[in-house]
Amino acid sequence: MKKPRVLLADGHKIVLEGLKNLLESEFELVGSAEDGRALVDQAATLHPDVIVAEISMPLLNGIGAARQIRNTDKSIKIVFLTMHRDATYVANAFKAGASGFVLKYAAPSELITAIHEAMEGRTYVTPLIEGGLIFTSQGGSPPEKDLSMKISPRQEEILQLLTEGKSAKEIASILNISIRTVEFHKYKMMGQLNIKTGAELVQYAVRHGVISV
Numbered sequence: 006m007k008k009p010r011v012l013l014a015d016g017h018k019i020v021l022e023g024l025k026n027l028l029e030s031e032f033e034l035v036g037s038a039e040d041g042r043a044l045v046d047q048a049a050t051l052h053p054d055v056i057v058a059e060i061s062m063p064l065l066n067g068i069g070a071a072r073q074i075r076n077t078d079k080s081i082k083i084v085f086l087t088m089h090r091d092a093t094y095v096a097n098a099f100k101a102g103a104s105g106f107v108l109k110y111a112a113p114s115e116l117i118t119a120i121h122e123a124m125e126g127r128t129y130v131t132p133l134i135e136g137g138l139i140f141t142s143q144g145g146s147p148p149e150k151d152l153s154m155k156i157s158p159r160q161e162e163i164l165q166l167l168t169e170g171k172s173a174k175e176i177a178s179i180l181n182i183s184i185r186t187v188e189f190h191k192y193k194m195m196g197q198l199n200i201k202t203g204a205e206l207v208q209y210a211v212r213h214g215v216i217s218v
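See below:
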């Protein structure tokens with residue numbers, strides 16, 4: 006029987022090595038990425054069956070990367086293995102097309118189960134946070150405006166880099182765009198939310214799980 010092809014993504018090399026040791030006997034590991042932009046590129050090149058990704062990654066967070074990947078190839082399943090247990094992150098992950106959500110301090114067998122569930126077309130949420138997710142989806146109060154559903158992939162990249170403390174000049178260099186374009190996108194997002202400063206924009210995005218730190 007053909008092994009599922011798995012692509013790994015995490016900002017920490019030691020975590021990637023640990024995942025390789027855990028999964029290599031049961032899955033075909035086709036590659037690894039250490040930031041969200043590299044993950045998007047590798048997904049387009051390698052066409053894995055499943056991606057196992059952290060939410061917090063440099064340049065573009067895992068949820069933003071998942072959204073871009075699923076926009077171009079809905080056949081790829083995405084399982085998040087993360088330290089974020091807040092139900093907002095869980096909800097945003099599934100909005101982006103995730104098939105699974107596992108916490109890093111769960112049993113290793115949970116990740117393997119989540120990958121198999123994804124391959125079968127089902128979803129998996131670790132029991133450690135499942136109750137909180139159900140509560141949020143049924144009776145929680147969503148943010149007044151869902152920025153993640155309004156911004157473009159480019160704006161999400163800019164927002165992530167702003168959160169990492171990058172200046173407009175640095176962001177322009179990383180994304181190969183003009184400083185004027187960076188500022189245009191920043192102020193457009195601020196206008197959507199009626200926010201007056203860049204710091205408030207970043208605080209809003211972090212608070213509502215649009216980007217990660």
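So the sequence shown is numbered by the numbering used here: it starts at 6 and just counts up by one. Note that the Cβ used here is the ideal one computed from N, Cα and C, for glycine as well. No experiment lies behind these values; they were computed from the predicted model shown.
Which class does residue i belong to by DSSP, given the choice of helix, strand or coil?
i: residue 171; result: coil
i: residue 56; result: strand
i: residue 31; result: coil
i: residue 67; result: helix
i: residue 229; result: Outside the modelled stretch of the chain, which goes from 6 to 218, sits residue 229, for which no answer is possible.
i: residue 10; result: strand
i: residue 201; result: coil
Who are the near neighbours of residue i in its chain, counting only those whose CB is closer than 8 Å to its CB and skipping five residues on each side?
i: residue 206; result: 164, 167, 191, 194, 195, 198, 200
i: residue 25; result: 13, 34, 37
i: residue 8; result: 31, 32, 33
i: residue 186; result: 177
i: residue 203; result: 167, 191, 195
i: residue 81; result: 48, 52, 53, 54, 55, 56, 74, 75
i: residue 18; result: 39
i: residue 179; result: 64, 166, 171
Does the distance from the C-beta atom of residue i to that of residue j stay below 8 Å?
i: residue 69; j: residue 161; result: yes
i: residue 221; j: residue 73; result: A question about residue 221 goes unanswered here, because the residues of the chain that appear run from 6 up to 218.
i: residue 85; j: residue 58; result: yes
i: residue 102; j: residue 71; result: yes
i: residue 11; j: residue 53; result: yes
i: residue 105; j: residue 92; result: no
i: residue 90; j: residue 108; result: yes
i: residue 23; j: residue 39; result: no
i: residue 174; j: residue 184; result: yes
Tell me the DSSP bridge mates of residue i?
i: residue 87; result: 108
i: residue 82; result: 55
i: residue 159; result: For residue 159, which the question treats as bridged, DSSP gives no partner whatsoever.
i: residue 129; result: 105
Whose C-beta lies closer than 6 Å to the C-beta of residue i among residues of the same chain, with five residues either side of it excluded?
i: residue 158; result: 73
i: residue 87; result: 59, 60
i: residue 21; result: 13, 15, 37
Identify, in the order they occur along the chain, each residue of the same chain with its Cβ nearer than 7 Å to the Cβ of residue i, setting aside the five sequence neighbours on each side.
i: residue 131; result: 106, 107, 108, 111, 115
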